[in-house]
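Trainee: First residue of the sequence shown? That's 3 in my numbering, and the numbers climb one at a time after it.
Every residue, glycine too, gets a C-beta built ideally from N, C-alpha and C.
All of these numbers come straight from a predicted model, not from anything done at the bench.
I'd like to ask some things about the structure below.
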Amino acid sequence: MDNCFIDVTVEFLAVAFHNILYYVSVYPATIFEMRKKYSIVVYRSKHPEVNQYIDLCLKSVAECLKNGTLKRVEFAVTNEDYTPLVKFVFDFDKNAVYDENADAYLVQAEQNLRAFSLNLSTISNKLQNLPENKSFTVFLHTNESTAVSIASNPDLEDFPLVEIEDKVDELEKILPLRRFILRGYSIDAYVELK
3 MDNCFIDVTV EFLAVAFHNI LYYVSVYPAT IFEMRKKYSI VVYRSKHPEV NQYIDLCLKS
63 VAECLKNGTL KRVEFAVTNE DYTPLVKFVF DFDKNAVYDE NADAYLVQAE QNLRAFSLNL
123 STISNKLQNL PENKSFTVFL HTNESTAVSI ASNPDLEDFP LVEIEDKVDE LEKILPLRRF
183 ILRGYSIDAY VELK
């Protein structure tokens, strides 16, 4: 797996996760600080426990990407019973053809990451009717051998992996956010509303 792809993807997901928390108001705006990324203002949590959980999630994402087994990441905003209310989905698909010289300096990738972040801020008004008492969970879709590998990795032992049954939920609405190519992979980002 391309280390550049892993690094850029993990950095992108970190920005996405923190901004989702901010725009969906999972936590009060006072625990966030403004930063600049992709030439725009983004938000990052200042809360150590929230940051620790997100960092553990991202380490697990990086491990799955290294193994080439990550198919999907779901960032679910949940109610007080931990039932998903809305999911921010990131689907990963390896492209059959990859030109190493295409976007060698990641200019197009940065423009797509900026566009994703801007799209996220524009759909936030559609997500304001969520209950006040909410939380979040991150789901990684990978295979069993990678899950076992992560569970036995001492650096990731604080990140619990729980296998869930594959089930199909009825969705009321899907909001596409962005599809972009990054180092031989396509990433589709969209929102599933219940």
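1. So for R180, helix, strand or coil by DSSP?
2. Looking only at its chain, what residues have a beta carbon closer than 8 Å to the beta carbon of I176, apart from the 5 residues adjacent to it on each side?
3. Could you name the residues of the same chain whose beta carbon sits closer than 6 Å to that of K89, not counting the 5 residues immediately before and after it, in chain order?
4. Measure the CB-CB distance between F34 and Y24 and report whether it falls below 7 Å.
5. Does the Cβ of S199 have 16 or more other Cβ atoms within 10 Å, making it buried, or fewer, making it exposed?
6. Give the secondary structure of E112 by DSSP, where H, G and I count as helix, E and B as strand, and everything else as coil.
7. Could you tell me which residues DSSP pairs with K89 in its beta bridges?
8. Could you pull out every residue in the same chain whose Cβ sits closer than 7 Å to the Cβ of K39, ignoring the five residues on either side in sequence?
9. Please name the residue in A117, S62, C59 whose C-alpha comes closest to that of V43.
10. List the endpoints of the continuous beta strand (DSSP E) containing I8.
Mentor: In short:
1. R180 falls in the strand class under three-state DSSP.
2. Take I176, set aside five residues on each side of it, and the residues of its chain with a beta-carbon closer than 8 Å to its own are Y192, V193, E194, L195, in chain order.
3. Within the same chain, K89 has close Cβ partners E76, A78, E194.
4. With contacts defined as CB atoms closer than 7 Å, F34 and Y24 qualify as a contacting pair.
5. Outside the modelled stretch of the chain, which goes from 3 to 196, sits residue 199, for which no answer is possible.
6. Reduced to three states, the DSSP call for E112 is helix.
7. A78, E194, per the DSSP bridge assignment.
8. Excluding positions up to five away in sequence, the list reads V17.
9. Residue nearest to V43 within the set A117, S62, C59 is A117 (criterion: CA-CA distance).
10. It is not in any beta strand (DSSP E) - I8 instead sits in the alpha helix (DSSP H) that spans 5-25.
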